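Residue numbers (our numbering): 20 to 249. Some notes on the structure that comes next.
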């Protein structure tokens, strides 16, 4: 089955997309150049026989790793079993693209929030950069909304990993919290003890959003200037 899937991936590959994606995804390893919609379609097809597929070793190309994560997200299985597959996959994450696509595919988190909240928290203090990013992006995708925003910000404040891709994910998550709850996130920004670099990255991410306008945008600009002078 592994050989057949690899052949399918080769048939779906495009040199132009390989050139593009390899330029924007550091640490991607060997890439074939398959577009994400085609990978998702193949994942849905494989998910019908997921037990056989997941019993085999994962390949070592970017697309084979990405595909496995997608299958784990869309396969039909009990929550407990999926969590086991997730935990076995997370150490395979080696770049932001696999991490973020994998998280986005774990839609079951919308229906099992407490299970996935605990899953995300269990990775926030890992020594491995992309394990921490996985936890942060899960918070961003499924918990940076509504009444969950305050406790999400509380957890983000406790992330101390120095990796760039962790800091950028935390900054991104804070910006989403601000877009969805400007008042509450603004108050949090005034008192947070998060490291200065990450706060400045978060401020820039907020300003990058076209959804932040008017008074909200003005005060974030003022905060940026204050941080520069301090």
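No residue lacks a Cβ here, since even glycine has one placed at the ideal position from N, Cα and C. Quick caveat, the model's predicted, so the values are computed rather than measured.
With fewer than 16 other Cβ atoms inside 10 Å of its own Cβ, residue 165 counts as exposed. With fewer than 16 neighbouring CB atoms inside 10 Å of its own CB, residue 71 falls in the exposed class. About 18 Å separates the CB atoms of residue 225 and residue 249; that is not less than 8 Å, and the two are not in contact. Residue environment analysis places residue 233 among the exposed positions, since fewer than 16 neighbouring C-beta atoms fall within 10 angstroms of its C-beta. Apart from sequence neighbours up to five positions away, the residues of its chain that approach residue 87 with a beta-carbon distance below 7 Å are 77 and 108, ordered along the chain. Closest by C-alpha distance to residue 209, out of 182, 176, 199 and 186, is 176.
Contiguous alpha helix (DSSP H) elements confined to the segment 101 to 179 occur at 115 to 123, 132 to 140, 148 to 162 and 168 to 176, taking only those with 4 or more residues. Under the Cβ criterion (8 Å, minimum of three pairs), the segment 176 to 191 counts as touching the segment 153 to 167. Under the rule that a run must span 4 or more residues, the alpha helix (DSSP H) segments found entirely inside the segment 188 to 222 read 201 to 210.
A contact between stretches requires three or more CB pairs, one per stretch, nearer than 8 Å, and the segment 99 to 116 meets this requirement with the segment 136 to 151. Annotation: the continuous alpha helix (DSSP H) that includes residue 35 extends over 34 to 43. Per DSSP, reduced to three states, the secondary structure at residue 238 is helical. For residue 96, no alpha helix (DSSP H) encloses it, and the DSSP letter there is neither H nor E.
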